[in-house]
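One rule links them: number in our numbering = place in the sequence shown (from 1) + 21.
Heads up, the beta-carbon is just placed ideally off N, CA and C, and yes, glycines get one too.
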Amino acid sequence: MNVKAIQINFQDFNSDIYGRPDTLRQQFVLQSSIDKINWETIADYSKNTRDMPHGYIELEKPIDARYIRYNHVYCTNNYLSISELRVFGNGYEAKPIKPANFNVVRQVDRRNANLTW
Numbered sequence: 022m023n024v025k026a027i028q029i030n031f032q033d034f035n036s037d038i039y040g041r042p043d044t045l046r047q048q049f050v051l052q053s054s055i056d057k058i059n060w061e062t063i064a065d066y067s068k069n070t071r072d073m074p075h076g077y078i079e080l081e082k083p084i085d086a087r088y089i090r091y092n093h094v095y096c097t098n099n100y101l102s103i104s105e106l107r108v109f110g111n112g113y114e115a116k117p118i119k120p121a122n123f124n125v126v127r128q129v130d131r132r133n134a135n136l137t138w
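In structure tokens form, the structure reads like this:
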């Protein structure tokens, strides 16, 4: 896969933190690999001092990767809790074919739609 960006969404599991103290921060290192043997650091936030509850990291240039590894360094809460790790990019395989008779009908609330195929 040609990886262009990564987003980590942290969750406040059993957090006893209330309000927004200045001490909130997430520290981590992201690595990538093609073979699960050789790893390359693609983002180093091990000394990060700002709160990144939905950290979006756009890479300076796209990289080839099959595996992404998250190495935890520190979080303000006692429990590390990641609700989502999103990897943005393009695969190298052929795109799937479009389903026959695919149809989209928006509902009255335009944010919703009915999909059929």
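By the 16-neighbour rule on beta-carbons within 10 angstroms, Gln32 is exposed.
Restricting attention to Trp138, Leu106, Leu45 and Phe34, the CA atom closest to the CA of Leu51 is found in Leu106.
Rounded to the nearest whole angstrom, the CA to CA distance from Gln28 to Phe34 is 19 Å. In this structure, the alpha-carbon of Arg127 lies about 32 Å from that of Gly76.
If one requires a minimum length of 3 residues, the beta strand (DSSP E) runs lying completely within the segment 32-68 are 47-54 and 61-65, in chain order. Asn23 and Ser102 have their C-alpha atoms roughly 27 Å apart. The bridge partners DSSP lists for Val24 are Ile84 and Gly110. When secondary structure is reduced to three states using DSSP, Asn92 falls in the strand class. Following the DSSP letters along the chain, one finds Leu136 inside the beta strand (DSSP E) bounded by residues Ala134 to Thr137. A distance of 9 Å or more separates the beta carbons of Lys68 and Gln47.
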